[in-house]
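First to last, the sequence lines map onto chains A and B.
Going by this note's numbering, 147 is the number at position 120 of the first sequence; the sequence numbering is gapless.
Going by this note's numbering, 1208 is the number at position 20 of the second sequence; the sequence numbering is gapless.
Even glycine gets a Cβ: it sits at the ideal position worked out from N, Cα and C.
These figures come from a predicted structure and were not determined experimentally.
Remarks on the structure that follows.
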Amino acid sequence: MALPRAFTAASTRATVTSIYDAKNSDTDPWGAVLHCVAKQDRAAFGQLFAHFAPQIKAFGLSTVLPDRSGQFADELVQETMITVWNKASSYDAMKAGASTWIFTIARNKRIDLLRKLKRHSGMLDIDDIWPIEDEAAGPFQNLQQRLTERRVRESLKTLPPAQREVLLMAFMEGKSHSEIATDLALPLGTVKSRIRLAMQRLQLILEK
Amino acid sequence: MNYHPGHDLLEQYAAGTLPMPVALCVSVHMGFCAQCSAEVNALQALSGMLLEELPGVPVADAALHHVFARIDRVDSNTQIADARITRADDVLPAATGAERSSTAAAKVPKALRKLVPGGFSKLNWLRVLPSLRIATLDAGCDDYSVMLHRVSPGGSVAMHDHRGLEFTLVLSGSFSDEKGVYTDGDFLLREPQQPHRPFAAQHEECLCLAVQQAPVRFTGFFWRLLNPFLR
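Put into structure tokens, the structure is as follows:
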């Protein structure tokens, strides 16, 4: 299996110097909290809930739905947090940051709830298609991922507001590029290039 | 492997907005491709950070208690359920050693395991053309058909076109058409008005996952008669 070339080329030098940092100074307090939740620590779970539940609710509310009563968002908070409790013991801080992990759970629950709203059933399992964690990733990929997370976190701070806006619409509101174009009254090409520019700035685009 | 889903598809996959059958193809591809997996992992990390930065919307005071109540209610039933899952997993993989074809030997990717519970050879294969067998999978989706295509060694499928998008993921073996040669893990997207004529490699059978937005349309007169079989 070929290693991700662009990542390798771009960050081999960085890897050598920051391998120590990546292991020791990852500033992810929520990873430690999740570790406590894995041991059925209800106080830790309460902390995690106080921090993430309002965000997950906002994520649910941003979903384009005919019904804006907030019922969908509340259900999403419940379902997501119950899964966080149940799966906390399988969270691996070496693979992904706590917010990444919680996002994947909330995203899957959103897919699931939307599917139920549309009364779709079917045999396909959402967590099989969108795995919560990358089981195939080895130590090298895990390290790359942690370095990527840190780089993205840094460069996100300096992202121009217009680029941040389209990213929020694509990833939080789940809108297609053409829906974003309609909402912002922009040509589709402008939306696409904004997203491209944002991705380049965050160094998320890999050469293929 | 040379053919990957584009950045847009990976973005929609990470955001969770791709229709499930299309996400299925992307997911299976990622099992073959560390590069696309890394890109999706990075997009998910970005999403996690965007989530953390969302202006939070207060939840009801009782929400945490509701969660604990549901956890406690489930707890008493969990042990029984766990035991059941373990037993089901034990029974599942039972590999069929008798068959030698590459299809029988091909490992069922995790994303497909619910649709292909007993392995590829156990599916209900329908011979629709001399060199093509099809198994239709029940993905529970009206807008897309999800099928497995099995093309005999050296076999070809007539020139055909599609009314909607067609996603093809090579699971084992290889095939070629006017545009290239595709091997396991390759992800192809064909748009309507791109008629093509696939050929399987001479030495082995080719197994593909095929997801189509609308039924296939063969371009020749004779093949039009066969179209009902290719639903």
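| Query | Result |
| --- | --- |
| Own chain residues within Cβ distance below 8 Å of Leu215 of chain A, not counting five before or after | His204, Ser205 and Ala208 |
| contact_flag[the segment 219-235 of chain A, the segment 176-186 of chain A] where n(CB pairs < 8 Å) is 3 or more | yes |
| Spatial distance of Leu1314 of chain B from His1195 of chain B (CA atoms) | 35 Å |
| Distance, Ala1251 of chain B Cα to Asp68 of chain A Cα | 18 Å |
| Touching by the beta-carbon criterion (3+ pairs, under 8 Å), the segment 1372-1383 of chain B and the segment 1353-1360 of chain B | yes |
| Cβ contact (3+ pairs, closer than 8 Å) linking the segment 112-131 of chain A and the segment 87-104 of chain A | no |
| Euclidean distance between Cα positions of Glu1392 of chain B and Ala1398 of chain B | 19 Å |
| Residues that Leu1303 of chain B contacts on chain A, provided the C-beta gap is smaller than 8 Å | Met150 and Leu151 |
| Beta-carbon proximity check, Arg137 of chain A vs Gly73 of chain A, cutoff 8 Å | no |
| Nearest residue (CA-CA) to Thr2 of chain A, options A:Lys122, A:Ala80, A:Trp57 and A:Arg221 | The structure shown does not extend to residue 2 of chain A, since chain A is modelled only from 28 through 235, so no value can be given for it. |
| Cβ of Phe99 of chain A within 8 Å of any chain B Cβ | no |
| Residue from A:Gln82, A:Lys143 and A:Phe167 with nearest C-alpha to Lys122 of chain A | A:Phe167 |
| Nearest to Arg1321 of chain B (by Cα), restricted to the options B:Gly1343, B:Met1237 and B:Gly1328 | B:Gly1343 |
| Enclosing alpha helix (DSSP H) for Cys1224 of chain B [first to last residue] | Ala1222 to Glu1241 |
| Identity of the residue in A:Ala212, A:Gln172, A:Leu211 and A:Lys219 nearest Ala1226 of chain B by Cα | A:Gln172 |
| Exposure label - Asn1190 of chain B; buried when at least 16 CB within 10 Å | exposed |
| Pair within 8 Å by beta-carbon distance, Ala1389 of chain B and Ser1340 of chain B | no |
| Segment limits, beta strand (DSSP E) that includes Arg1497 of chain B | Here chain B has residues from 1189 to 1419 only, and residue 1497 of chain B is not among them. |
| Buried versus exposed call for Gln98 of chain A [16 or more other C-beta atoms within 10 Å across all chains shown] | exposed |
| DSSP three-state assignment for Gln1381 of chain B, whether helix, strand or coil | coil |
| Test: Cys1396 of chain B CB closer than 8 Å to a CB of chain A | no |
| Rounded separation between Met1323 of chain B and Ile1259 of chain B - CA only | Residue identity differs from the one stated: residue 1323 of chain B is Ala in this sequence, not Met. Spanning the two alpha carbons is a distance of roughly 41 Å. |
| Contact list for His1254 of chain B against chain A, beta-carbon separation under 7 Å | Gln105 |
| Beta-carbon separation (whole angstroms), Glu1354 of chain B vs Gln1400 of chain B, contact threshold 8 Å | 5 Å |
| Contacts that Lys1298 of chain B makes with chain A (C-beta to C-beta distance below 7 Å) | Asp155 |
| Proximal residues of chain A, C-beta to C-beta of Ile1259 of chain B below 7 Å | Ile109 and Trp112 |
| Segment contact flag, the segment 1328-1337 of chain B with the segment 1201-1209 of chain B, C-beta cutoff 8 Å, min 3 pairs | yes |
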